[in-house]
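Right, one structure below, let's go through it.
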Amino acid sequence: MDVTILISHPEYLLLVLAPLFVLCMVAEWYWGDRCQHLAESARYKPTEVLCNFVLAGMHQLSDLLTGLLISQLYLMLFAWRLFEIEMNVFSFVALVLAQDFCYYWFHRASHRVRWMWAAHVVHHSSENMNFSTAFRQSLMYPLAGMWLFWLPLVIIGFDPKWVVFVVLLNLGLQFFVHTQAIKSLGPLEWLFNTPSHHRVHHGRNPQYIDKNYAGVFIIWDKLFGSFEKEQ
Ligand SMILES: [Zn+2]
Ligand SMILES: [Zn+2]
């Protein structure tokens, strides 16, 4: 597949990843539900799964509609960019890191600022957790101001198309942390946000409240004092 198509149409990225998402959910359902290897809270309850998918659809629709407006603002600000950044392997890695840093603060604000929690609470409104929980998203994110957190990247000089691509890549990768099927990823736990770290984030245990805001890298939580290990 030609990757440049994904850069000029970043909204296709989640469609490209969709077969992988479906495969993971079917495998988790078979192993967890049919073979009963997973706890009750990881099971696929039809009404809840349907709710998760409907929420995902509404979230995508609101993102697409408001994206038309927000992309114009991004392009306007990009015209006033501070630096000329040519995309290559190094600038791509820098963008992935910078966007993940911004995501950390977006997610932290989503839990600490009531206006933003009003949108993000949807993601935390289930008592269960499996891959389908990743689709449980709010259509109110554009109103809550999610797009504001990526503005610094555009002003620095990263092409808005690349910024949106990396934002969606980050969200796509976060699908894989919504599972109770994987206990630990060994040494990767140190650097990356993993199912174990994200179970803490979704936990209701007092020590887990407002912890592990990470998107892709867990280092931000460790740096800014919001890390909690799963017990
Ligand atoms: Zn959260
Ligand atoms: Zn989550």
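Residue numbering for the sequence shown follows numbering that gives the first Met the number 0, beginning at 0 and increasing consecutively.
Yeah, the Cβ is synthetic: ideal placement off N, Cα and C, and Gly gets one too.
Those residues which DSSP pairs with residue i across a bridge
i           : result
residue 216 : 191
Per-residue DSSP class, three states only, for residue i
i           : result
residue 230 : coil
residue 209 : coil
residue 155 : helix
residue 112 : coil
residue 10  : helix
residue 169 : helix
residue 240 : Residue coverage of the chain in this structure runs from 0 to 230, which leaves residue 240 outside it and unanswerable.
residue 138 : coil
residue 122 : helix
residue 223 : coil
residue 132 : helix
residue 178 : coil
Return the chain-ordered ranges of every beta strand (DSSP E) run that is complete within the stretch 180–204 and spans a minimum of 3 residues.
none
Under 8 Å, with one C-beta from each stretch per pair, do the stretch 156–167 and the stretch 178–191 reach the 3-pair mark?
no
In chain order, which alpha helix (DSSP H) runs of at least 4 residues are fully inside the stretch 27–110?
45–77
Touching or not, the stretch 169–184 and the stretch 127–145, by the rule of three or more beta carbon pairs under 8 Å?
yes
Pairing CB atoms from the stretch 26–36 with CB atoms from the stretch 106–125, are three or more of them under 8 Å?
no
For the stretch 70–83 against the stretch 113–126, do three or more pairs of beta-carbon atoms, one drawn from each stretch, fall closer than 8 Å, so that the two count as touching?
no
Check whether the stretch 188–204 touches the stretch 144–156, counting contact only when three or more Cβ pairs, one atom from each stretch, lie closer than 8 Å.
no
Among all residues, which have a Cβ less than 7 Å from at least one non-hydrogen atom of ligand 1, and in what chain order do they fall?
106, 109, 110, 119, 122, 123, 200, 212
Does the stretch 131–146 come into contact with the stretch 76–90, if we say contact requires no fewer than three beta-carbon pairs (one atom in each stretch) closer than 8 Å?
no
Cβ contact check for the stretch 58–67 and the stretch 137–144: 3 or more pairs under 8 Å
yes
Kindly confirm or deny that the stretch 166–173 and the stretch 35–46 touch, where touching means at least three C-beta pairs closer than 8 Å.
no
Within 8 Å, do at least three Cβ pairs link the stretch 97–105 to the stretch 210–229?
yes
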